[in-house]
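First residue of the sequence shown? That's 10 in my numbering, and the numbers climb one at a time after it. These notes are about the structure you will find just below.
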Amino acid sequence: MVYVVATPIGNLHDVSERAISVLANVDIIACEDTRRCRKLLTAFNIQATNLISLHDHNEEKMTARVIDLIGEGNDVALVSDAGTPLICDPGFDLIRALWKQNLRVVPIPGPSAITTILSVAPIPTHDFRFVGFIPARVGARKARLKQLLIDGSPILFFETARRLSSTLEALCQLEANERQIIVARELTKIHESLYFGSVEDVRNEIAMKDRVRGEIVCFLGGAAKAVATNVDSMLQILLAELAPTQAARLAAKITGETRARAYSRALVLANEG
Ligand code: SAM
10 MVYVVATPIG NLHDVSERAI SVLANVDIIA CEDTRRCRKL LTAFNIQATN LISLHDHNEE
70 KMTARVIDLI GEGNDVALVS DAGTPLICDP GFDLIRALWK QNLRVVPIPG PSAITTILSV
130 APIPTHDFRF VGFIPARVGA RKARLKQLLI DGSPILFFET ARRLSSTLEA LCQLEANERQ
190 IIVARELTKI HESLYFGSVE DVRNEIAMKD RVRGEIVCFL GGAAKAVATN VDSMLQILLA
250 ELAPTQAARL AAKITGETRA RAYSRALVLA NEG
């Protein structure tokens with residue numbers, strides 16, 4: 010069987026006893042980076058005997074290899090560099106293949122940047138959307154943010170220190186400046202810092218820092234009033250890909266607007282270009 014083992018996102022003491030026991034007892038550990046995994050194992054006096062590397066660039070090949078290894082009677086643990094595997098980390102192909110072949114997968118839960126930020130956020134957490142990383146290129150990032158802001162839901166996303174300021178700036182430009190946000194840097198590590206406030210306040214606070222470093226995760230609170238009712242912003246996005254009839258049909262479904270009204274707005278917007 011394959012154990013999917015969560016590992017610390019910084020503080021090594023966050024590893025669970027069960028995770029340690031599994032890592033110490035499996036035949037093979039499939040990890041993103043063998044050096045990083047070896048460090049973790051060494052910290053817990055586990056003999057790193059059989060490590061194999063499974064990362065974004067060899068996942069297809071290694072999936073077949075892991076399945077062979079299981080067929081030969083080995084138990085395998087899957088770990089990523091930090092946190093919970095598969096959450097923006099390798100392992101999806103493998104897990105899908107295991108299910109397909111009716112092989113057993115066992116979750117060994119533990120740290121994740123997602124649950125860690127949620128656990129300290131003064132923002133309701135019962136209904137949010139996790140979107141992974143926002144695109145790196147400025148134009149693509151702004152377009153993605155614009156699309157994500159439409160329905161007013163809280164959004165959890167990973168960010169890099171280098172791009173944080175420009176993402177906060179983009180959110181302000183997209184009129185999300187009054188929404189609440191919590192930005193968490195270096196969670197569970199020595200330089201852990203949390204920033205909370207309106208997007209505008211947090212943007213200003215971060216702008217005053219010399220330089221932001223480390224790993225960042227952000228949780229943006231929901232809009233006070235959902236923008237979903239704004240059929241025009243929905244149509245603007247849909248019209249970039251679809252003909253007015255199709256765009257209007259979808260926009261009407263999503264926003265609750267009548268199809269006729271959505272269609273007449275779609276024609277106006279399409280003509281405006
Ligand atoms: N699978 C991991 C998890 O469950 O947390 C996430 C992997 S993803 C490739 C790495 C991203 O997670 C980082 O770029 C950062 O956005 C976020 N992250 C990971 N560790 C973090 C930490 N200690 N503090 C803040 N964000 C963190």
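Ideal Cβ positions, reconstructed from N, Cα and C, are used throughout, including at glycine. Since the structure is predicted, the reported quantities are computational estimates derived from the model, not experimental observations.
- Runs of the alpha helix (DSSP H) lying entirely within the stretch 112–152 and spanning at least 4 residues, in chain order: 122–127.
- The shortest CA-to-CA distance from residue 151 to any of 166, 178, 229 is the one to 178.
- The stretch 14–73 contains, as complete alpha helix (DSSP H) runs of 4+ residues, the segments 26–34, 43–52 (chain order).
- Residue 260 places its beta carbon 7 Å or farther from that of residue 272.
- According to the DSSP assignment, residue 190 belongs to the beta strand (DSSP E) that extends over 189–194.
- Relative to the ligand SAM, residue 121 has its C-beta within less than 6 Å of a heavy atom.
- Residue 202 has 194 as its beta-bridge partners, per DSSP.
- Contact between residue 11 and residue 107 is confirmed by a C-beta separation of about 6 Å, below the 8 Å threshold.
- In the three-state DSSP reduction, residue 79 falls in the helix class (H, G or I).
- Cα atoms of residue 201 and residue 279: separation of roughly 48 Å, rounded to the nearest angstrom.
- The three-state secondary structure of residue 168, taken from DSSP, is strand.
- Between residue 32 and residue 86, the C-beta spacing is below 7 Å.
- For residue 104, no beta strand (DSSP E) segment is defined; the enclosing uninterrupted segment is the alpha helix (DSSP H) at 101–109.
- Counting the other Cβ atoms within 10 Å of the Cβ of residue 52 gives fewer than 16, which makes it exposed.
- In the displayed model, residue 240 falls within a helix according to three-state DSSP.
- Comparing C-alpha distances from residue 169 to each of 48, 195, 187 shows the shortest one belongs to 195.
- 7 Å or more divides the Cβ of residue 118 from the Cβ of residue 23.
- About 7 Å separates the beta carbon of residue 110 from that of residue 76, a gap short enough to meet the 8 Å contact definition.
- For residue 136, the closest C-alpha among the options 171, 204, 253, 231 is that of 231.
- A direct Cα-to-Cα measurement between residue 239 and residue 250 gives close to 18 Å.
- Around the beta-carbon of residue 265, fewer than 16 other beta-carbon atoms lie within 10 Å, marking it exposed.
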